[in-house]
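> Offset between the sequence shown (1-based) and the numbering used here: plus 96.
By construction, the Cβ of each residue, glycine as well, lies at the ideal position given by its N, Cα and C atoms.
Note that this is a predicted model, so its numbers are computed, not measured.
The structure that follows is given in the form of structure tokens.
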Amino acid sequence: MDTLTETEAITAPGYCDIKQSFARLGEKPDSLVGLVDAATLLVNAFLRNDTEYRVMLYLADKKAGGLRLMETRGQFSREFLQEEAFVPFGQCLCGLAAVSGEVLICRNCYEDPRHETRWYGMGAHGHYVIPLLYSDCVLGVLTFYTQAGVDIDDMQKAFLARVGMQIGKALFLWLQERSRNRAPF
């Protein structure tokens with residue numbers, strides 16, 4: 097049998113790397129770019145490279161009533177990025193995750209009614225949508241694109257929720273420093 101026991105999995109070198117990366121994720125990042133890169137590496141390692149290396153980071157803008165796109169990784173068209181620059185709270189997967197504070201999984205964009213965005217030529221894909229929480233407040237959302245048909249178990253979903261809390265902590269520290277220094281994003 098090729099499965100590891102729980103003890104073997106916990107002591108495996110890959111687990112130790114993930115655990116260390118997870119701990120570092122809660123530290124104040126130098127930039128949003130660094131934060132997105134660290135989160136992408138961690139999530140891909142944990143989920144065994146299930147994502148397409150396309151990621152979007154949104155920050156909550158309570159005054160405007162939605163999420164503002166701040167960083168991306170991977171290939172996106174200019175038109176798509178312009179259209180997705182602002183997502184109202186409650187709209188599509190990212191806006192719903194911001195309102196609920198829960199990790200959302202989309203197995204297939206064409207079969208999930210919560211996936212409201214449609215583009216000409218858009219291929220079937222899925223998403224892991226992770227709210228970034230600090231003290232029960234959603235500071236933003238991190239969205240990973242996946243192949244269609246992706247599925248995760250409750251343990252993996254709980255891990256993604258913890259990742260969202262770690263990133264939320266780091267994001268809070270980063271925003272706090274920017275506020276003190278009155279530095280733009």
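If you count every other CB in all the chains shown that lies within 10 Å of the CB of Y129, and 16 or more means buried, which is it?
Correcting the residue type first, residue 129 is Val in the shown sequence and not Tyr. Result: exposed.
> Indicate whether C190 and V237 have their beta-carbon atoms separated by less than 7 Å.
Yes; because the gap between Cβ atoms is below 7 Å, this pair is in contact.
> Nearest-angstrom Cα distance between E198 and R169?
For E198 and R169, the distance between alpha carbons rounds to 22 Å.
> Quick check: what's the CA-CA separation for G186 versus A254?
If I take the Cα positions, the gap works out to 22 Å.
> Quick one: is L100 buried, meaning 16 or more other Cβ sit within 10 Å of its Cβ, or exposed?
With a pLDDT of 35 at L100, under the threshold of 50, the predicted position of this residue should be treated as unreliable, though the coordinate-derived value follows. The residue is exposed, with fewer than 16 neighbouring Cβ atoms inside 10 Å.
> Three-state secondary structure (DSSP) at F240?
F240: strand per DSSP, three-state reduction.
> Sorted by chain position, which residues of the same chain lie with C-beta nearer than 6 Å to W270's C-beta, five sequence neighbours on each side aside?
Excluding positions up to five away in sequence, the list reads K124, P125.
> Quick one: Cα of L138 to Cα of M152, how far?
About 15 Å.
> Indicate the three-state DSSP secondary structure (helix, strand or coil) for D250 in the structure shown.
In the structure shown, D250 sits in a helix (DSSP, three-state: H, G or I).
> Is it the case that the Cβ atoms of A156 and V259 are separated by a distance below 7 Å?
Contact flag unset, no.
> Per the DSSP calculation, A156 is bridged to which residue(s)?
BP columns for A156 point to L163.
> Ends of the alpha helix (DSSP H) at C190?
Residues 188-196.
> Check the DSSP bridge columns for R169 and list the partner residues they point to.
Per DSSP, V151.
> State the DSSP-derived secondary structure class of R174, mapped to helix, strand or coil.
R174 falls in the helix class under three-state DSSP.
> Which whole-angstrom value describes the C-beta separation of L292 and L165, a residue pair presumed to lie in contact below a C-beta threshold of 8 Å?
As shown, the chain starts at 97 and ends at 281. That puts residue 292 outside it, with no answer to give.
> Run the CB neighbour count on K158, radius 10 Å, all protein chains shown included, and call it buried at 16 or more, exposed below.
Exposed, by the Cβ-count rule.
> Is it the case that the Cβ atoms of Y230 and A220 are separated by a distance below 7 Å?
For Y230 and A220, no; Cβs fall outside 7 Å.
> Less than 8 Å between the CB atoms is what I'm expecting for L228 and L200, so what's the real figure, rounded?
About 13 Å separates the two Cβ atoms, so there is no contact after all.
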